[in-house]
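The block underneath contains the structure these notes are about, expressed in structure tokens.
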DNA sequence: TATGAACGCGCATTGAGCGA
DNA sequence: TCGCTCAATGCGCGTTCATA
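Residue numbers (UniProt numbering): 1 to 521.
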């Protein structure tokens, strides 16, 4: 068994995931897809590694030719090829791989320093590598990642390794102005002092192989619960009524219930609700509230509180929604790494017409989308502020931290709109809170307050028939359009699909508002 | 009067849930 | 992946109170 870097990191994070990695590749893949949400973030936009390569322009970069590695002896062959590049004293070696009898590591960049030894450069597509706490400790996962690499390089490179380990990541202060200079957007930080000792690594390595060679039954005996009970179901979708689906339940409480052999929501007793699931002081927590409501029946509506909240909404109402793009290397002017850019919006305006004596509602729709080749969203924000009528209304969104966050950024970029955007934020109502505060509770929402879960229960609107049916697809397509990759009929159809998708999002919010009004009437 | 258990307060940290 | 918000909990520290 070769212990690779990713296996080592997995083993420390979640031994069970590592077990599947070695013994059941299919399940391992399934679990990973589940954990990462199935969205392929790495595949779009210019990669950070390309930008790092530009950083080394002027130096000789050796690429390891891995085309004909074969399968059986691939680690050894990789090692031989990489050692050759080292012997030729290349300035920079990209994606070298080194193996001992048991360990294998693939490095991002090895860079020759003035002493003619090699520094390790691990590239991360991240804005920060340290926790936001007092000591600014290096993120755990990065510690294990780089520590393992250092350990293997010590064993394999000998005197050619400088023992200097750098993390190479994105400068979150960077803002794009025209062509990006790699020096400005890439940061390199020496992290050798933050790493694990060789002793610590060896202690872990001593157990990895034997643990991962256990039968599943024996493995589960040794690791009965390891943090995420998703694995408890052996890679299968857990039963719908698993305790993992109790809203707001924290890991410790899940573990406590699991150890008391309470796997399903129906196993939970009154004592559990008053004990484990309640706050430390015995008061109602989110999870005990969820359980209490669930016991009352399929649907529970706090009509009075909802009425009170909806009464604060003053016409005209603007239901609006953004689509954004965000990439490690920004594609829009004035944006930073992973900055979110509003590239599309949809607004449904509802006004009350009192002229005929009986109040009637007038609904109008407006939208806007990025043009091919556009490198700033000024046009879109200008139009937005006009369509939202400069803040003179009530604004309804789902999950207001997202839209309001974007508005704050826009007001910094375009000070001329700051006043309007601040007014919009101040007059924003978050439709999601009716569900996240469990004022409108329905078992069929499947423990979520996301509008996408609420929608099929309350309305007959469906995303199944749409060409673009989720935010991830939308982001990819919007990137293609902005980059000018699409032309002619393909471009035309993509724009139509995106506009349809975004319009449906705001129309869905309007429908939910209407349905709730009927229910509480 | 010295001591330590118990309490309460504010700040810091962590984690769930959400969006793209 | 990132960043935001909110809830829950942890931590430090000073105050209070019972007791020897």
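Ideal Cβ placement from N, Cα and C applies to all residues, glycine included.
Being a predicted model, the structure only gives us computed values, none of them experimental.
Compare the beta carbon distance of residue 307 and residue 266 with 8 angstroms and say whether it is the shorter of the two.
no
Residue burial classification, residue 206 (beta-carbon count within 10 angstroms, cutoff 16)
exposed
Run of the beta strand (DSSP E) containing residue 355, from where it starts to where it stops
It is not in any beta strand (DSSP E) - residue 355 carries neither H nor E in the DSSP assignment.
Cα-Cα separation, residue 456 to residue 462:
7 angstroms
Quick check: the stretch 77–85 against the stretch 58–66, are there 3 or more CB pairs under 8 angstroms?
yes
Going by other Cβ atoms of all chains shown within 10 Å of its Cβ, with 16 needed for buried, is residue 415 buried or exposed?
exposed
Quick check on residue 449: buried or exposed, where buried means 16 or more other Cβ atoms within 10 Å of its Cβ?
buried
Contact under 8 angstroms by Cβ, residue 505 with residue 321:
yes
What would DSSP say about residue 99, mapped onto helix, strand or coil?
strand
Residue 307 (DSSP reduced to helix, strand or coil):
helix
Reference residue 346; option with closest CA among 93, 128, 75, 507
507
Check each candidate in 421, 401, 405 and name the one with the smallest Cα separation from residue 431.
401
Option in 323, 425, 170 with minimal Cα separation from residue 128:
170
Select from 87, 209, 332 the residue whose C-alpha is nearest the C-alpha of residue 178.
332
Unbroken beta strand (DSSP E) run spanning residue 323, endpoints
317–325
Tell me which same chain residues have a C-beta within less than 6 angstroms of the C-beta of residue 451, skipping the five on either side of it?
398
Using the Cβ count rule (16 or more neighbours within 10 Å means buried), how would you classify residue 296?
exposed
Give every residue of the same chain whose Cβ lies closer than 6 angstroms to the Cβ of residue 425, excluding the five residues on either side of it in the sequence, and list them in chain order.
404, 407
Please list, in chain order, all residues of the same chain as residue 438 whose beta carbon is under 7 angstroms from its beta carbon, the five residues on each side excluded.
289, 290, 293
Would you report the Cα separation of residue 58 and residue 384, rounded to the nearest angstrom?
45 angstroms
Going by DSSP, name the residue or residues bridged to residue 368.
345
Out of 503, 458, 444, point me to the one whose CA is closest to residue 344's CA.
503
Rounding to the nearest angstrom, what Cα-Cα distance links residue 465 and residue 348 in this structure?
21 angstroms
Residue closest to residue 558, alpha-carbon to alpha-carbon, out of 429, 509, 284, 391
Absent from the structure is residue 558, since the part of the chain shown begins at 1 and ends at 521.
Mind reading off the beta-carbon distance from residue 167 to residue 142? Whole number of angstroms is fine, and I expect it under 8 angstroms.
6 angstroms
Please state if the CB of residue 278 and the CB of residue 248 are separated by a distance shorter than 8 angstroms.
no
Boundaries of the beta strand (DSSP E) in which residue 89 is found, first to last residue:
Neither: residue 89 is in no beta strand (DSSP E) and is coded neither H nor E.
Considering only residues of the stretch 372–442, which uninterrupted beta strand (DSSP E) runs meet the minimum length of 3 residues and lie entirely inside it, listed in chain order?
394–397, 428–430, 440–442
May I have the straight-line CA-CA distance separating residue 76 from residue 152, to the nearest angstrom?
14 angstroms
Residue span of the alpha helix (DSSP H) that contains residue 288, given as start and end
286–296
How would you label residue 48, buried or exposed, when you count the other beta carbons within 10 angstroms and need 16 or more for buried?
buried
Closer than 8 angstroms by C-beta to residue 262: which residues in its own chain qualify, once you throw out the five before and the five after it? Chain order, please.
243, 268, 272
With which residues is residue 523 paired in a DSSP beta bridge?
The requested residue 523 is not part of the displayed model; the chain covers only 1 to 521.
Helix, strand or coil for residue 235, going by three-state DSSP, please let me know.
Confidence at residue 235 is low in this model, with a pLDDT of 49, below 50, so the placement of that residue is unreliable and no value is reported for it.
Cα-Cα separation, residue 232 to residue 259
Bear in mind that the predicted position of residue 232 carries a pLDDT of just 48, short of 50, making it unreliable; the figure below should be weighed with that in mind. Going by the C-alpha atoms only, they are around 12 angstroms apart.
Nearest-angstrom Cα separation, counted from residue 221 out to residue 234:
Low local confidence applies: a pLDDT of 45 at residue 234 is under 50, so the model's placement there is unreliable, with the coordinate-based value given in what follows. The alpha-carbon atoms of residue 234 and residue 221 are separated by roughly 14 angstroms.
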